[in-house]
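Order-wise, the sequence lines are chains G and W.
Here the numbering used here is used: the first sequence runs in plain steps of one and ends on residue 290.
Here the numbering used here is used: the second sequence runs in plain steps of one and ends on residue 290.
Since the structure comes first, as structure tokens, the remarks are kept for the end.
2 protein chains.
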Amino acid sequence: MNEFCYRYPHPAVTTDVVLFTIREDKLQLLLIRRRNPPFQGQWALPGGFLDLDEDLAACALRELKEETGIGNVYLEQLYTFGKPGRDPRERVISVTYYGLAPSESITLKPDTDATEAAWFAFGELPELAFDHRQIVDKAHERLAAKLEYSTIAFQFLPKQFTLSELQDVYETIRSEPMDKRNFRKWILGRNLIEETGGERRNGSHRPAKLFRNKHPGRVEIIR
Amino acid sequence: MNEFCYRYPHPAVTTDVVLFTIREDKLQLLLIRRRNPPFQGQWALPGGFLDLDEDLAACALRELKEETGIGNVYLEQLYTFGKPGRDPRERVISVTYYGLAPSESITLKPDTDATEAAWFAFGELPELAFDHRQIVDKAHERLAAKLEYSTIAFQFLPKQFTLSELQDVYETIRSEPMDKRNFRKWILGRNLIEETGGERRNGSHRPAKLFRNKHPGRVEIIR
DNA sequence: CCAAAAGTGTTGTTTATACACCCATGT
DNA sequence: ACATGGGTGTATAAACAACACTTTTGG
Numbered sequence: 068m069n070e071f072c073y074r075y076p077h078p079a080v081t082t083d084v085v086l087f088t089i090r091e092d093k094l095q096l097l098l099i100r101r102r103n104p105p106f107q108g109q110w111a112l113p114g115g116f117l118d119l120d121e122d123l124a125a126c127a128l129r130e131l132k133e134e135t136g137i138g139n140v141y142l143e144q145l146y147t148f149g150k151p152g153r154d155p156r157e158r159v160i161s162v163t164y165y166g167l168a169p170s171e172s173i174t175l176k177p178d179t180d181a182t183e184a185a186w187f188a189f190g191e192l193p194e195l196a197f198d199h200r201q202i203v204d205k206a207h208e209r210l211a212a213k214l215e216y217s218t219i220a221f222q223f224l225p226k227q228f229t230l231s232e233l234q235d236v237y238e239t240i241r242s243e244p245m246d247k248r249n250f251r252k253w254i255l256g257r258n259l260i261e262e263t264g265g266e267r268r269n270g271s272h273r274p275a276k277l278f279r280n281k282h283p284g285r286v287e288i289i290r
Numbered sequence: 068m069n070e071f072c073y074r075y076p077h078p079a080v081t082t083d084v085v086l087f088t089i090r091e092d093k094l095q096l097l098l099i100r101r102r103n104p105p106f107q108g109q110w111a112l113p114g115g116f117l118d119l120d121e122d123l124a125a126c127a128l129r130e131l132k133e134e135t136g137i138g139n140v141y142l143e144q145l146y147t148f149g150k151p152g153r154d155p156r157e158r159v160i161s162v163t164y165y166g167l168a169p170s171e172s173i174t175l176k177p178d179t180d181a182t183e184a185a186w187f188a189f190g191e192l193p194e195l196a197f198d199h200r201q202i203v204d205k206a207h208e209r210l211a212a213k214l215e216y217s218t219i220a221f222q223f224l225p226k227q228f229t230l231s232e233l234q235d236v237y238e239t240i241r242s243e244p245m246d247k248r249n250f251r252k253w254i255l256g257r258n259l260i261e262e263t264g265g266e267r268r269n270g271s272h273r274p275a276k277l278f279r280n281k282h283p284g285r286v287e288i289i290r
């Protein structure tokens with residue numbers, strides 16, 4: 068007990084993750100229900116304490132995996148929150164990440180750290196533990212900004228996707244409709260995607276051509 | 068000695084600051100010479116350990132003040148660096164900030180923590196301690212990006228400035244010349260600045276009109 | 001009168017916006 | 001045949017880029 072001693076006081080360091088996806092044409096994010104105090108029973112971002120031999124991003128990925136079963140997602144460092152008093156137990160610095168996952172690739176497997184993990188529509192979030200509401204707002208702000216000048220939108224989609232699906236991503240996050248012809252002209256003019264040759268038959272209507280990201284895995288700055 | 072004990076290991080948390088200014092038509096940044104090991108005698112970013120009751124930004128400002136005598140500058144959180152091994156003593160998480168200061172307002176008063184503080188041209192930096200070179204590069208990248216879509220450039224200038232001075236800021240950071248007429252059309256069309264009515268007589272040539280930022284203190288997103 | 005930086009418009013090109021109909025498919 | 005989402009072009013407006021000479025001052 069209390070065996071880790073230092074000559075000067077040290078804060079605790081955690082990572083927390085805001086993981087977005089798009090389901091049912093809504094922007095949703097992943098929360099876990101806390102099984103321990105403080106804020107026991109309340110919804111919170113997945114996250115936890117940094118291991119001393121572990122990189123920050125690795126910690127974020129590990130906690131996400133442990134608490135929700137989700138791996139293989141795109142994560143990017145968001146901001147570091149550290150106001151004194153944000154955790155009632157001790158001084159905690161939280162290095163936060165945000166991430167995007169295609170809704171297909173995600174299966175929830177809640178584990179020991181959390182009693183429950185679930186997706187919530189961004190517009191219908193419950194009250195969150197700690198200052199997590201502030202973190203969520205910052206993540207949303209960053210996501211919306213980055214949509215406009217990077218290829219981050221592709222991270223919401225599987226390897227192959229239709230132009231309508233891509234447009235849906237933009238419309239959902241911007242929460243306003245876009246003109247179909249202008250959108251297609253714009254995205255095709257960027258030289259970011261190419262036809263796969265395949266098509267998707269999706270119901271009683273004309274099949275849609277499938278596209279792929281020319282530089283998958285990498286989020287690039289455009290404009 | 069070793070009186071601060073925890074049940075789990077805690078990393079140390081520091082803040083480091085990349086402070087830019089423009090002098091002699093060059094982008095310069097502020098370094099201190101380390102007076103203690105590790106990296107004793109090498110140049111490094113101003114910064115130091117977080118006090119447990121102190122906000123992160125306050126820590127950055129305090130260390131900057133203590134080590135260089137500079138206060139009252141615009142600081143913005145940059146990124147958090149925490150790779151294991153980046154400090155040979157113990158695990159250290161560094162929450163970094165970058166800042167901009169008008170060259171007029173800065174007087175260096177090196178203090179006890181550092182033997183020396185000095186400005187270096189960005190293109191002629193000495194070898195830096197820790198991973199500070201990486202931090203500097205990230206700060207420069209962010210500064211250059213932010214110049215294009217925010218009003219951050221004003222932070223390099225005093226309250227009143229001429230359009231040529233403002234253009235010099237843009238040209239210095241982008242390191243390429245801009246067309247004078249297009250620049251003036253562009254910046255005046257943003258509705259960000261206004262004439263003060265005064266003018267600056269600066270040598271044997273026509274005096275320049277002085278302008279001021281309409282919303283001083285606030286860095287806004289434009290475009 | 002000379003040197004030096006301040007100031008000022010027009011034109012062509014590129015990029016963004018507004019807008020409506022036909023196409024291929026499954027039932 | 002019809003309902004459904006997929007696919008396509010043109011015209012106008014706005015933003016950007018290229019470009020050179022006159023003005024005011026101090027010495």
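Every residue, glycine too, gets a C-beta built ideally from N, C-alpha and C.
| Item | Value |
| --- | --- |
| From Asn-69(G), Ala-79(G) and Asp-92(G), residue whose alpha carbon lies closest to that of Glu-243(G) | Asp-92(G) |
| Against chain G: residues of the stretch 189-222 of chain W by CB proximity under 7 Å | none |
| Beta carbon proximity, Val-162(W) to chain G, threshold 7 Å | yes |
| Ordered list of beta strand (DSSP E) runs contained in the stretch 86-151 of chain G, each at least 3 residues | 93-101, 114-116 and 141-148 |
| Cβ-heavy atom distance, Ala-196(W) to the ligand MG, below 6 Å | The ligand MG is absent from the structure shown, which contains no ligand whatsoever. |
| Simplified DSSP assignment, three categories, for Asp-83(G) | strand |
| Which listed residue (Gln-144(W), Ala-127(W), Lys-205(W) and Ala-111(W)) has its alpha carbon closest to that of Ala-185(W) | Ala-111(W) |
| Terminal residues of the alpha helix (DSSP H) in which Ala-211(W) lies | 199-216 |
| Cβ contact check for the stretch 197-212 of chain G and the stretch 141-152 of chain G: 3 or more pairs under 8 Å | yes |
| Which of helix, strand or coil DSSP assigns to Val-236(G) | helix |
| Residue-level contact to chain W via CB, Ala-181(G), 7 Å cutoff | The predicted model places Ala-181(G) with a pLDDT of 47, which falls under 50 and marks its position as unreliable, so this point remains unresolved. |
| Status (buried if at least 16 other CB within 10 Å, exposed otherwise) for Tyr-75(W) | exposed |
| Whole-Å CB distance - Thr-135(G) paired with Gly-114(G), under 8 Å assumed | Not really, about 11 Å apart at Cβ, beyond 8 Å. |
| Beta-carbon gap between Thr-218(G) and Leu-255(G) smaller than 7 Å | no |
| Local conformation of Arg-267(G) per DSSP, three classes | strand |
| Three-state secondary structure (DSSP) of Asn-69(G) | coil |
| Contact with chain G by Asp-154(W), beta-carbon distance below 7 Å | no |
| Classification of Ile-202(G) by the beta-carbon crowding that lies within 10 angstroms, buried from 16 upward | buried |
| Contact set for Arg-268(G): own chain, Cβ-Cβ below 6 Å, skip 5 residues either direction | Pro-274 |
| C-alpha gap between Ala-124(G) and Arg-153(W), whole angstroms | 15 Å |
| Three-state secondary structure assigned by DSSP to Ile-160(W) | strand |
| Leu-96(W) to Arg-209(G) span [Cα, whole Å] | 28 Å |
| Residue-level contact to chain W via CB, Leu-119(G), 7 Å cutoff | yes |
| C-beta contact flag for Tyr-141(W) and Phe-71(G) at 7 Å | no |
| Backbone secondary structure at Leu-255(W) - three-state DSSP | helix |
| Identity of the residues DSSP links to Gly-166(W) by a beta bridge | Leu-86(W) and Leu-142(W) |
| Strand pairing of Asn-249(G), partner residues [DSSP] | Answer is none; Asn-249(G) lacks a bridge partner. |
| Val-85(G) versus Ser-161(G), Glu-232(G) and Thr-239(G), residue with shortest Cα-Cα distance | Ser-161(G) |
| Residue closest to Tyr-164(W), alpha-carbon to alpha-carbon, out of Phe-189(W), Leu-192(W) and His-207(W) | His-207(W) |
| Beta-ladder partner(s) of Glu-261(G), from DSSP | Arg-279(G) |
| Cβ-Cβ distance between Lys-281(G) and Glu-261(G) below 7 Å | yes |
| For Arg-285(W) and Glu-171(W), the rounded distance between their alpha carbons | 20 Å |
| Proximity below 7 Å, CB of Leu-98(W) to CB of Thr-239(W) | no |
| Three-state secondary structure (DSSP) of Tyr-75(G) | coil |
| Sequence-distant residues of its chain with Cβ nearer than 8 Å to Pro-155(W) (five each side left out) | Pro-105 |
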